[in-house]
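Residue numbers (our numbering), protein chains in the order written: chain A, -13 to 324; chain B, -13 to 324; chain C, -13 to 324; chain D, -13 to 324. Ideal Cβ positions, reconstructed from N, Cα and C, are used throughout, including at glycine. The model shown is predicted, which means the values in this text are computed figures rather than measured ones. Have a look at the structure below, then the notes.
Number of protein chains: 4
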Amino acid sequence: MIIIVKQDAKEERVRDLIQWIEAQNLRTHVSKGDYATIIGIIGDISKLDDDLITGLDIVEGVKHISEPFKSANRKFHPKDSIIEVGEQKLKVGHGNFALIAGPCSVESEEQIISVAKSVKAAGATMLRGGAFKPRTSPYDFQGLKADGIELLLEAKRETGLPIVTEIMNANHLPLFEDVDVIQVGARNMQNFELLKELGKTRKPILIKRGLANTIKELLMSAEYIMAGGNENVILCERGIRTFETATRNTLDLSAVTVLHELTHLPVVVDPSHATGVARYVKPMAMAAAACGADGLIIEVHNDPPHALCDGAQSLRPEQFEDVAKAVRRVRAAALGEE
Amino acid sequence: MIIIVKQDAKEERVRDLIQWIEAQNLRTHVSKGDYATIIGIIGDISKLDDDLITGLDIVEGVKHISEPFKSANRKFHPKDSIIEVGEQKLKVGHGNFALIAGPCSVESEEQIISVAKSVKAAGATMLRGGAFKPRTSPYDFQGLKADGIELLLEAKRETGLPIVTEIMNANHLPLFEDVDVIQVGARNMQNFELLKELGKTRKPILIKRGLANTIKELLMSAEYIMAGGNENVILCERGIRTFETATRNTLDLSAVTVLHELTHLPVVVDPSHATGVARYVKPMAMAAAACGADGLIIEVHNDPPHALCDGAQSLRPEQFEDVAKAVRRVRAAALGEE
Amino acid sequence: MIIIVKQDAKEERVRDLIQWIEAQNLRTHVSKGDYATIIGIIGDISKLDDDLITGLDIVEGVKHISEPFKSANRKFHPKDSIIEVGEQKLKVGHGNFALIAGPCSVESEEQIISVAKSVKAAGATMLRGGAFKPRTSPYDFQGLKADGIELLLEAKRETGLPIVTEIMNANHLPLFEDVDVIQVGARNMQNFELLKELGKTRKPILIKRGLANTIKELLMSAEYIMAGGNENVILCERGIRTFETATRNTLDLSAVTVLHELTHLPVVVDPSHATGVARYVKPMAMAAAACGADGLIIEVHNDPPHALCDGAQSLRPEQFEDVAKAVRRVRAAALGEE
Amino acid sequence: MIIIVKQDAKEERVRDLIQWIEAQNLRTHVSKGDYATIIGIIGDISKLDDDLITGLDIVEGVKHISEPFKSANRKFHPKDSIIEVGEQKLKVGHGNFALIAGPCSVESEEQIISVAKSVKAAGATMLRGGAFKPRTSPYDFQGLKADGIELLLEAKRETGLPIVTEIMNANHLPLFEDVDVIQVGARNMQNFELLKELGKTRKPILIKRGLANTIKELLMSAEYIMAGGNENVILCERGIRTFETATRNTLDLSAVTVLHELTHLPVVVDPSHATGVARYVKPMAMAAAACGADGLIIEVHNDPPHALCDGAQSLRPEQFEDVAKAVRRVRAAALGEE
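Structure (structure tokens):
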């Protein structure tokens, strides 16, 4: 970390600052220029409060020379990570594309098995479905919970597809024993207590970017899991909150590219939640594939009475099949170059 | 809820939509105009998926006639709520102003007691201090935890000030037995599992608005707590995330006014976290008082070796005293009219 | 337009509202339901102030049944527009892909001609270059102005490439006589006086989305040009301002899809300005091609002393060639399906 | 300006960078530390492209030691500026509070004179009114234009109140000869060509912050005017665009404080446009006064047939009077301290 001290700072106050830093068992290296004084700090800066120093009236700014994420950092692990999912050790990352599909909520045995079979036939490599549902309103349906997980496991037995489902409470972990990938939703991205508990497992964790979280904060949340010893982390871009209201959120596809530069972890994209509109899912899925995403997570429903739902964010199985084909074509073309 | 159907929608598809709604035990009331068809829905719409309907290609839009929050809604409770805190039943709301002050983190007995005494002398009505700290990095100091709460209780015994401290995990609730106000941090505003557990207690809960959460979402999170039976909720505006970087967050003071219109719950403002800069705390505290906030939560430190910290977000006790006086003057002037 | 009146509105006030609307030569159609009263408004609502009505305390909300953009609206022009550029009538839109490349600023004859030749060889269909530069600081280089346009015209004579350059002041229009496409920059997207003047020409106008402007506002700005009689408008997505700082702006690729749904005008994407980083241009260009953009506008420089600039937002000609190839492959794959 | 070079940058490339900088007539001062290499740049950096350097893969970051605004900078003009308005040399800034009020649009002689008289009686020090109206839609009413200015001048003759009205096109400047304060609207904040022309006049300019513009960009736009020789600039905060939809924009009151720190220019606040709702104007006006704003600009209408408009953003004259009194009380209380 370096501190840039203002030109007009009084020497005495700069000296106080240096002493205070050194009192915290850190070494400093001061370089006085004509233009500014730079204080380099050497040692374990993890207890140093950035905001506190930035706010000092004698400080122009603070700059981190090394990123605060270690385990997730590509600098220290230049090779792409490959995450292995389920008993069949399905690979995700480094050219292994994950096509995850399924309904928003698990509703019944018939529903989930029917969707599972049709998305498998269309090329999905994993089945997703919500059992515990984070709902903005306490009065809204909160999911089938344990029963929903049972139904997902039933669908897994029927189709062989590994299953992905969201956790909202570390106390529920025993229910997730046979779940293949545990999802952390956007609202829980900085639920650090939950992340720590997931760090103690060895399950693959799919962690979604929070609606107002930066790319670096997503990496720090991955770091929470990895710091606990669980290196099986898959990142997910699912749209951020902006002023634009034409789509539910704004899908930030440059995040895929930036993440690939900063980390070795695989990055998947959720075009269904990002746009909130079924007819936007296909173009955004193709765009994600084109810019190098390691996978997609797409909502597919299969409920005849819902057949009116041309809209919303869920695709019908035959629409998903069309998306899957297009994504394969685009991926091949995008990779064709290297 | 009403659904506005597009002018050019095929009759058959509109009929399908109506049937699907009615199949969910809801009644509909259709009004065909020259300009649009409106479907009014009567009944318990809590299981109805808004996004799904909005996304239908035949739907122009969906409009909720009644707000989804009930217990927090001023319509059903026109009078301001007064929350009673601690054994002394300190009142917050409806003209009872809460001046909450204390350090970011509890560090030592000496520190917390010294700060407690000085903020009390300056007019603080409650003591705040972090024992469990939500930190973006797993490598950063995470607080003194249970020991921090012990020290806060010690300070309470010394000064009589009720204490406010943050919870991050419902499993820690037993440690909060003697805490007077439990704080839910911005990152946990939509940790619904935590909110549900807090709804089972009868403790006052101070819930902070998430960085990217709307005012309505804050109310829905309050509703989670109240739906469990705990009506002792205090809302807190602490800045939202925008493109502006001159302050850490953008303090949204109009939220105070909007919240007072929508809900009967008290609203306090945290100018320290919102701005991240100590010298901006005073003007923002005065502004919050002027627009009717029911309290302030302000960071104050009292650590001689930190004396260099003119900046950052913490005030020194003598600065806090100056803020407290100014706030009292401004409040009196703002109220002078009614 | 329909107005949804609150359930508890007093009849007298609703009557006042209806009278006030009718006093403005509009007809109303009132539909009273159990749930809400809907006032439909028929006639020319262009003078009606939305915000004023929305703000009334008896009004739940206002909903436009028809979009406020007419000439740009796909509803009234279902077929894709094809814009013809330059004497050679180069087509843009409806499957005709525009690959626009060139330096940020025109610097010298040697520079612009060299870049023009190399981007042409790599497959560019138009040459871009800044002559009038909008700079945040009055002290920064403001472009070669008239001389810059001269140099662009020289490059056009040499290579035959139509040229695209930005206008900042309608008084400069005479200088743009031989320019093929006039660009309106993001900062001038709502400079309505400029738009009106451009509406009087018949030149193709490439209008960039403002950093904080919605998709609908971009369409309204296009409408300003078209309302003047100039239907040759090309829209450009170039990133919006969000809290994320890893890229200069956040490229909103879903805007391409949404725009294609709402309008018949071609939509091009500027990955250079959106990301601000040369090494992110290729993946974002491929993503834009995959989701159906009608063209790309990419910064390419060719200045040997600048050879150190691996970074920044400009590509070297050989890098641009690589991007152009990848984009062609991805486009073919994306279209392969229909 | 200093450049922080990455630890692992190859020496050769760092040398290239230094040579390139020096080739632009700048001197460098290199300081190699254990932790990073810092290149200080001395000389006129106005032609140096920040983004280009930031984007280099060997560069960790760029930091400006001196702000890019000069004339507006408090460092070089520590005393508050006082702007003198109109023939009566009405003072704004440094304790001289501007209370600007009037209708959104000038509609008729009767209207503007009636509003002018009533706001004057209530304590307004200037009259505002829109003659040229920036409207999102080309089909919406664009104001009375030259006639509107005539009516404002009539109201000025009647009441003696200096007038404030918006300019949208530098070619209209002759019409503004007798206007006392020329307003630049939010959408034109970065219409640099307009700003340059206003810099040639000596009229007070009230410039509003753009919806997506940072505080520093607002200062750079003020700098455009001042660089032309016109130092009579008044800044205006009027809300920024965020994800929150409960208010039209999000009023950023901390901007007032930050601006007072960075610049000597007066800062006024527009609570009417920021919130878009009349009943939020009073609390936000009081908050602005409490945090030190140098004035307010408030919409007031006086049209009996509009009497139904309890809402929207305009106040009735009697409501404005109430706001004016409350603001005076709060200002006195806020200042009572220093």
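So residue i contacts chain D; which residues on that side make the cut at Cβ distance below 7 Å?
i, result
"Thr228/A", "Phe229"
"Gly47/A", "Lys49"
Compute the distance between the beta-carbons of residue i and residue j, then report whether it is under 8 Å.
i, j, result
"Leu248/B", "Leu205/B", "yes"
"Leu374/A", "Val167/A", "Any answer about residue 374/A is impossible in this case: the structure gives chain A only from -13 up to 324."
"Val150/D", "Val286/D", "no"
"Leu197/A", "Arg227/A", "yes"
"Leu301/D", "Val309/D", "yes"
"Ser207/D", "Asp126/C", "no"
"Gln299/C", "Thr243/C", "no"
Could you work out which residues of chain B lie near residue i, taking near to mean beta carbons separated by less than 7 Å?
i, result
"Gly322/D", "Arg315"
"Thr122/A", "Glu203, Met206"
What number of angstroms, rounded off, separates the C-alpha of residue i from the C-alpha of residue j?
i, j, result
"Leu85/A", "Val78/A", "10 Å"
"Ile68/D", "Pro252/D", "7 Å"
"Gly72/B", "Asn218/B", "12 Å"
"Leu369/D", "Met175/D", "Nothing about residue 369/D can be read from this structure; chain D reaches only from -13 to 324."
"Thr111/A", "Gly146/A", "9 Å"
"Asp133/D", "Ser100/D", "17 Å"
"Leu240/D", "Gly278/D", "According to the sequence provided, residue 240/D is Ser. The question's Leu does not apply to it. Going from the Cα of Ser240/D to the Cα of Gly278/D covers about 10 Å."
"Ala319/C", "Val254/C", "18 Å"
"Asp238/B", "Asp238/D", "7 Å"
"Ile153/C", "Leu159/C", "8 Å"
"Met272/B", "Ala276/D", "6 Å"
"Ser57/A", "Ser123/B", "12 Å"
"Glu70/B", "Leu76/B", "5 Å"
"Lys142/D", "His80/D", "25 Å"
"Pro303/D", "Ala108/D", "8 Å"
Can you name, in chain order, every residue of its own chain whose Cβ lies under 7 Å from the Cβ of residue i, other than the five neighbours on each side?
i, result
"Gly129/C", "Ser91, Gly116, Ala117, Phe118, Lys119"
"Asn11/A", "Gly29"
"Thr236/C", "Gly225, Ile226, Thr228, Glu230"
Which stretch, first to last residue, makes up the beta strand (DSSP E) that contains residue i?
i, result
"Glu73/A", "From DSSP, Glu73/A is part of no beta strand (DSSP E); its letter is neither H nor E."
"Thr23/D", "23 to 28"
"Thr151/D", "149 to 153"
"Leu85/A", "84 to 88"
"Gln169/C", "167 to 170"
"Val255/A", "253 to 255"
Tell me the residue span of the alpha helix (DSSP H) that contains residue i.
i, result
"Ser17/C", "First-last for Ser17/C: 13 to 18, but that is the beta strand (DSSP E), not the alpha helix (DSSP H)."
"Gly109/D", "Run containing Gly109/D: none; DSSP gives neither H nor E here."
"Gly41/D", "36 to 41"
"Glu8/B", "-3 to 8"
"Ile211/B", "201 to 213"
Could you pull out every residue in the same chain whose Cβ sits closer than 6 Å to the Cβ of residue i, ignoring the five residues on either side in sequence?
i, result
"Lys194/D", "Gly171, Ala172, Cys222, Arg224"
"Lys(-8)/C", "Ile44, Glu46"
"Pro257/A", "Val267, Met270, Ala271"
"Asn82/B", "none"
Find the residues of chain A that neighbour residue i, judging by a C-beta separation of less than 8 Å, and give them in chain order.
i, result
"Asp37/B", "Arg234, Gly262, Ala298, Gln299"
"Ala108/C", "Chain A residues near Ala108/C: none, gap ~14 Å exceeds 8 Å."
Excluding sequence positions up to five away, which residues of its chain have a Cβ less than 8 Å from the Cβ of residue i?
i, result
"Lys328/D", "Past the boundaries of the shown model lies residue 328/D; chain D is included only from -13 to 324, so the question cannot be answered."
"Thr40/C", "Gly47, Val48"
Give the residues of chain C in contact with residue i, contact being defined as C-beta atoms less than 8 Å apart.
i, result
"Ser32/B", "Those do not exist, as Ser32/B stays about 16 Å from chain C at its closest Cβ, beyond 8 Å."
Identify the contact partners of residue i in chain A, using a Cβ-Cβ distance below 9 Å as the criterion.
i, result
"Ser240/D", "Simply none; closest approach about 14 Å."
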